[in-house]
Amino acid sequence: MKVKRGRCILGAMAMLLLGQLNAQNPLIQDQFTADPSARVFGDKVYVFPSHDILAEEGKGRVGWFCMEDYHVFSSADLTNWTDHGMIVSQENVAWADPKGYSMWAPDCIERNGKYYFYFPTKKKDAAEGEGGFTVGVAVADSPEGPYVPEENPIEGIKGIDPNVFIDDDGQAYLYWSRSQIYGAPLKENMLELAAEPTVLGDLPQKGHKEGPYMIKRNGVYYLTYPHVENKTERLEYATGDSPLGPFTVQGVIMDESPTGCWTNHHSIINYKGQYLLFYHHNELSPQFDKSRSIMADSLFFEPDGKIRKVTPTLRGIGITIASDKIQIDRYSSKSEDASISFNDSTDTFQGWYLNLSGKGSWVQYNSVDFSKTLKAVQIKAHSSKGAVLEIRTTSDALLAIVKVSGDGDWQEAEEELKTTTSGLQNLKLVVKKGEAKVDWVRFE
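Below is the structure:
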């Protein structure tokens, strides 16, 4: 066994300078993100979320949602995400309140080679008690930007959470919310409403609704939305034969947060034949649900067209390369006595580690790509009395036995593989003796 101590930060710093992020759920782990609008442009997935920051005196409303700008992220493998930086700020929108800190859930769509980014915020000349939210547009020649905001918001909209949908016949529609959910066709220029807004009134009337997101599948229109049936939002959907209804309520896509996060907001895409649900949760801020993080999981349709309820996971989506650091705390499944803790509770962006409390404790991590022949494994681990860990595939092939010394310090233990493997594998890490904390696993 080889043991390496200390932490190399140069590589991590270089990655951050490039804007490259490697993550499972949450997808982005170096800043707070919420309200993810995911889109497929070319061979990549782009996510346009809102950007939560902490309010302070003179900067937003303390204890409330605080958002001043938007970033865009992209990925070709659903695991490595590139932050393309800030694309729109409340300070560069002529009509927006520069002290509003209310740049809430956005959306983006491509049409005729242009990218139209729709965003809500407060107008700087809003009348007292009006609320003042409306929707603006910024236009770019590529999904990464730069985006140029229009001089004025879209006329005829009072509300938040814009979502744009282009039907098979080329007609575009804009949806938004203000207690109810509204929809209207857009003109060809994508900057103006082509008709008066319609209230989509066939949805639940009890409780708050917001965040509409429309998809079409097999000729059926799926209007999806967050709804407060009880105390917090859950994701629901209704179906219809027309983009503006009438709709029939069908059921729940995702249940309320088990930890009480008040909001959820989502989008649904089909990427390379698999439907994906993007949503948010306060995973990096468990004590404050106004600082949220975007997540994603696979979504499936039943044979009758109904949406199978999605259970949030830590593993999320995407394939992890075996030679990358496998954040084993983002597990697919685990034993009851396994748990996770923050590496640094004062800086949650440092991520988590896995607690394996004793003999028989295990965790499984799915979809690891062994496309290259690898001969050794490294584990960053910690044990107070020493531990013996096994790494197996779920077909029960023993890859390695790793001994962790019991000096109570974090260490990087390394062992040669007992057998090599190839292709896509699900891994299982099992405690055979002692107890251990594990930060990551990497093959080389």
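With mature numbering (1 follows the signal peptide of the UniProt record, and there is no 0) as the guide, the letters of the sequence shown map in order to residues -23 to -1, 1 to 421.
Glycine included, every Cβ here is placed at the ideal spot set by N, Cα and C.
Asked: Would you please state the rounded distance, in angstroms, between the beta carbons of Val49 and Ile30? I believe it to be under 8 Å.; Found: The Cβ separation is near 17 Å, so there is no contact.
Asked: Tell me the rounded alpha-carbon separation between Asn207 and Gly184.; Found: 8 Å
Asked: For the pair the stretch 315 to 332 and the stretch 393 to 403, tell me if three or more CB-CB distances fall below 8 Å.; Found: no
Asked: Count the other C-beta atoms from every protein chain shown that fall within 10 angstroms of the C-beta of Leu331, then say buried if there are 16 or more, exposed otherwise.; Found: buried
Asked: Could you please give the first and the last residue of the uninterrupted beta strand (DSSP E) stretch that includes Ile294?; Found: Where Ile294 is concerned, there is no enclosing beta strand (DSSP E), given that its DSSP letter is neither H nor E.
Asked: Evaluate the contact criterion for the stretch 276 to 293 versus the stretch 304 to 318: three or more CB pairs, one atom per stretch, below 8 Å.; Found: yes
Asked: Just to confirm the assignment, what range does the beta strand (DSSP E) spanning Asp46 have?; Found: Asp46 to Ser52
Asked: For residue 485, which of helix, strand or coil comes out of DSSP?; Found: One cannot answer for residue 485 here, as it falls past the ends of the chain, which runs -23 to 421.
Asked: Let me confirm a value: Phe277 is counted as buried when at least 16 other C-beta atoms fall within 10 Å, else exposed. Which label applies?; Found: exposed
Asked: What do you get for Glu187, buried or exposed, if any count of 16 or more other CB atoms within 10 angstroms of its CB means buried?; Found: buried
Asked: Rounded to the nearest angstrom, what separates Glu173 and Ala161 at their Cα positions?; Found: 7 Å
Asked: Can you tell me whether Glu313 is buried or exposed? The criterion is at least 16 other CB atoms within 10 Å of its CB, across all chains shown.; Found: exposed
Asked: Could you check if Val329 is buried or exposed, using at least 16 other CB atoms within 10 Å of its CB as the buried criterion?; Found: Looking at the sequence itself, residue 329 is Trp, so the reference to Val does not match. Under this definition Trp329 is a buried residue.
Asked: From the beta carbon of Glu210, is the nearest beta carbon of chain C less than 8 Å away?; Found: In summary, chain C is missing from the structure at hand, where a single protein chain is found.
Asked: So what's Phe326 in DSSP terms, helix, strand or just coil?; Found: helix
Asked: Just to confirm, is the Cβ distance from Tyr202 to Glu213 under 8 Å?; Found: yes
Asked: Going by C-alpha distance, which of Trp239, Ile192, Glu210 and Gly228 is nearest Asp218?; Found: Ile192
Asked: Between Ala82 and His242, is the Cβ-Cβ spacing less than 8 Å?; Found: yes
Asked: Would you tell me roughly how many angstroms separate the C-alpha atoms of Asn57 and Ala358, rounded to the nearest one?; Found: 24 Å
Asked: For Gly113, count the other beta carbons within 10 Å of its own beta carbon; 16 or more makes it buried, fewer makes it exposed. Which is it?; Found: buried
Asked: Could you please give the first and the last residue of the uninterrupted beta strand (DSSP E) stretch that includes Ala103?; Found: Careful: Ala103 lies outside any beta strand (DSSP E) and carries neither H nor E.
Asked: Leaving aside the five residues before and after Leu401 along the sequence, list all residues of the same chain whose C-beta is less than 8 Å from its C-beta, in chain order.; Found: Ile296, Ser344, Val345, Asp346 and Phe347
Asked: Can you tell me the Cα-Cα spacing of Glu132 and Phe265, whole angstroms?; Found: 35 Å
Asked: Hey, quick one: how far does the beta strand (DSSP E) through Thr201 stretch, first residue to last?; Found: Val197 to Val205
Asked: Can Val418 and Val354 be called in contact, C-beta distance under 8 Å?; Found: yes
Asked: Check whether the Cβ atoms of Asn69 and Pro126 lie closer than 8 Å to each other.; Found: yes
Asked: How would you call Gln148, buried or exposed, if buried means at least 16 neighbouring beta carbons within 10 angstroms?; Found: exposed
Asked: Determine the DSSP secondary structure at Cys85, reduced to helix, strand or coil.; Found: strand
Asked: Could you tell me the distance, in whole angstroms, from the CA atom of Leu366 to the CA atom of Arg285?; Found: 36 Å
Asked: Going by C-alpha to C-alpha distance, which of Leu177, Ala73 and Met80 sits closest to Trp41?; Found: Met80
Asked: Is it buried or exposed for Val340, if we count other Cβ within 10 angstroms and need 16 for buried?; Found: buried
Asked: Keeping to the same chain, check which residues put their C-beta closer than 6 Å to that of Asp321; ignore five residues upstream and five downstream.; Found: Gln327
Asked: Around the Cβ of Glu260, are there at least 16 other Cβ atoms within 10 angstroms (buried) or fewer (exposed)?; Found: buried
Asked: If you drop the 5 nearest sequence neighbours on each side, which residues of the same chain put their C-beta closer than 6 Å to that of Glu34?; Found: none
Asked: DSSP on Asn403, reduced to helix/strand/coil?; Found: strand
Asked: Beta-carbon within less than 8 Å of Ser361's beta-carbon, same chain only, minus the 5 sequence neighbours each way: which residues are those?; Found: Gly383, Gly385 and Glu412
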